[in-house]
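Colleague:
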RNA sequence: CGGGGCGUAGCGCAGCCCGGUAGCGCACCGCGUUCGGGACGCGGGUGUCGGAGGUUCAAAUCCUCUCGCCCCGACCA
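In my numbering, the protein residues as written are 794 to 1364.
1) State the DSSP-derived secondary structure class of residue 854, mapped to helix, strand or coil.
2) Tell me which residue opens and which closes the beta strand (DSSP E) that residue 957 is part of.
3) Roughly how many angstroms separate the alpha carbons of residue 1252 and residue 1105, rounded to a whole number?
4) Count the other CB atoms within 10 Å of the CB of residue 955; is the residue buried (16 or more) or exposed (fewer)?
5) Using 8 angstroms for Cβ pairs, my map puts residue 1170 next to residue 1134. What's the rounded Cβ distance?
6) How long is the line joining the alpha carbons of residue 1055 and residue 1213, rounded to whole angstroms?
7) Indicate whether the contact test is met: 3 or more Cβ pairs, each with one atom in the stretch 1176-1191 and one in the stretch 1015-1032, closer than 8 angstroms.
8) Give me the Cβ distance between residue 985 and residue 1200, rounded to the nearest whole Å; I'm assuming they're in contact under 8 angstroms.
9) By a C-beta neighbour count over all protein chains shown, 10 Å radius and 16 as the cutoff for buried, is residue 936 buried or exposed?
10) Buried or exposed: where does residue 809 fall if 16 or more other Cβ atoms within 10 Å of its Cβ makes it buried?
11) Residue 1261: which of 811, 816, 846 sits nearest, CA to CA?
12) Runs of 3 residues minimum, wholly inside the stretch 1228-1299: which ones carry the beta strand (DSSP E) assignment?
13) Apply the 10 Å Cβ neighbour rule to residue 1064 and answer buried if 16 or more other Cβ atoms are within range, or exposed otherwise.
14) Where does residue 799 fall in DSSP's three states?
15) Can you give me the C-alpha to C-alpha distance between residue 1140 and residue 1029, rounded to a whole angstrom?
16) If distances are taken between C-alpha atoms only, which option among 1114, 817, 1119, 1077 comes closest to residue 1154?
17) What is the DSSP secondary structure of residue 1317, counted as helix, strand or coil?
18) Give the straight-line distance between the Cα atoms of residue 799 and residue 1297, rounded to the nearest whole angstrom.
19) Could you give the first and the last residue of the continuous alpha helix (DSSP H) run that contains residue 966?
20) Grouping DSSP H, G and I as helix and E and B as strand, with all else coil, what is residue 1067?
21) Let's see if you can read the secondary structure: which residues bound the beta strand (DSSP E) around residue 1197?
22) With DSSP as the reference, please indicate the residues paired to residue 1225 in a beta bridge.
23) I'd like to know if the stretch 856-870 and the stretch 910-930 are in contact, where contact means that at least 3 CB-CB pairs between them fall below 8 angstroms.
24) Would residue 941 pass as a contact of residue 811 if the rule is Cβ separation under 8 angstroms?
25) Within 10 angstroms of its Cβ, does residue 953 collect 16 or more other Cβ (buried), or is it exposed?
26) Taking only the alpha-carbon atoms, compute the straight-line gap between residue 1342 and residue 1332 and give it to the nearest angstrom.
27) Can you look up residue 1109 in the DSSP assignment and give me helix, strand or coil?
28) Note down, one range per segment and in chain order, each beta strand (DSSP E) of at least 3 residues found wholly within the stretch 806-873.
29) Strictly by DSSP, which residues pair up with residue 1149?
30) Spatial neighbours of residue 1158 within its chain, please: CB distance less than 8 angstroms, with the 5 preceding and 5 following residues excluded, ordered by chain position.
31) Considering only the alpha carbon of each residue, which of 1232, 1228, 837 lies closest to residue 919?
32) If you drop the 5 nearest sequence neighbours on each side, which residues of the same chain put their C-beta closer than 7 angstroms to that of residue 1369?
33) Would you kindly work out how many angstroms separate the C-alpha atoms of residue 1122 and residue 1109, rounded to a whole number?
34) Once DSSP output is grouped into helix, strand and coil, what is the label at residue 932?
35) With residue 1349 as the anchor, note down where its alpha helix (DSSP H) starts and where it stops.
36) Is residue 1169 helix, strand or coil when you go by DSSP?
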């Protein structure tokens, strides 16, 4: 491939729209261009990266016994109504009508479509297990698309669906996918971690997310520093405290706290600490309002609250509602004397004595409040986010916190979809059984973006070798005959031995070529200039650390053939 | 969805308050010099000033509507 003939519109300046490293660099390196919010065109170099990742995924999926098929991007509403997701999925589901005014949607995922196929075609236990996958464009009408390929509305995803005759088989299928995912992300050259996860909109019984570790990640994970436990904070369990305070209860007092609304303001004014304050957060649910109590320095975990209450929608109460329920503006809510509201509390605060709570009255807080005497809680439960320093729920040490980018997610679905859509088969006794399912996704574009978040410097991208758009970026520094001749012959011989080369044959100044090569981020650069040739050498340079090896032109091919160009499939 | 902001040349932006000739840098085209880390000189403007309506002798600029995009918020009690 010659740079002079390829569409690689590199940008000298940073585009205004881009925030994150991967978004900025993919735009600048001429790999993607935006078409609409969260919708991108993949230019030749960007597409090559996508294809490399897809190829690794295909090889590993096939090796794990899955088979590729391709489902349509548009699917009819009837299928979604069968599982109830036509209503439940909400606005993320992009809906439209055809000319006959029939309802359709763009597939955000394909459980319904695949389950429909399998229920029609699979009759017998002899046909199971089955694992089908596709690599295809998905559409989710995200509230707020951002960060380029990281959170687009239209994106390429590998999704796989397994069907087994029983739970045990399903667990085996799940484990195979888990193992395949470990191989896939390892081969992509990423630093990642599988973590226990919440099942979200997809539903099901259990799941793991594959997180690429990066500061810019949108997800927070916790993990046992020296142990094996790792989980998304959404999911991470927090153990009840071991010890209860032994302080003697003091009499309850009501104190003025003018203008102090936040935990910081209140604790500063009362000369205490957030650890001795119980904050009361009012939520509205479709059923009734709820007050959730957690320690002043903790964060409520919405998912845990939803699970406890058995509701799917949970919103922080607005100003008006708070006023109605507590009789005070936001900032002074407390459990004492709160009526018409269910009281639930995180089990951590049960251990407190003589704590601070809001007074349900403007500019007022209670101090030295105590359970039972002053407040009765309806339910105690694990309701907060895990944080650094908490003991691991598996007993294997202390938790630490990190940021991650979710590039893959595996779910044990159980029979949620197969039951709703009656995907059944006959077992050896002729009895009708419901297939047990699993589903497994990988964000292809997001994996590419995550690779950049993990591998870049001030000059540009530093692709991991297995997913780099090309192996070698060949820079012919001048238009002189000797440079062109050597470049041309090296290019040909490298290509013929299966090495991917991007040949910068443009009539540009050396500096432009160096900068573009560093920006695009091929792992190796082969630099051919008159200066070097005068001494009979060309330069072989590593993008990662700038290490230069000088070689005679006729040694280049041999040298290149020793490079680890692909972490081979045969491992 | 709520709050804030921005749409002016391919890209990054100024001009808008205070109405009157559409501008700067980069990119681009031509010629010449230069040529191993984003060169220089000379010449060239490539624009529905996001769109529609209104006010006005006159609108990028003021008003109304509309579309698109970006950022923040989903822990604040």
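Idealized CB from N, CA, C, for every residue including glycine.
Modeller: The relevant details are as follows:
1) helix
2) 947-957
3) 46 angstroms
4) buried
5) Not a contact, Cβ separation roughly 12 angstroms.
6) 47 angstroms
7) yes
8) 7 angstroms
9) exposed
10) exposed
11) 846
12) 1229-1236, 1265-1269, 1294-1297
13) exposed
14) coil
15) 15 angstroms
16) 1119
17) strand
18) 10 angstroms
19) 960-980
20) helix
21) 1192-1207
22) 1219
23) yes
24) yes
25) buried
26) 6 angstroms
27) strand
28) 825-829, 832-835, 867-869
29) 1070
30) 1047, 1048, 1050, 1053, 1059, 1063, 1125, 1127, 1149, 1150, 1151, 1152
31) 1228
32) Outside the displayed span of the chain (794 to 1364) sits residue 1369, for which this structure offers no information.
33) 14 angstroms
34) strand
35) 1349-1354
36) coil
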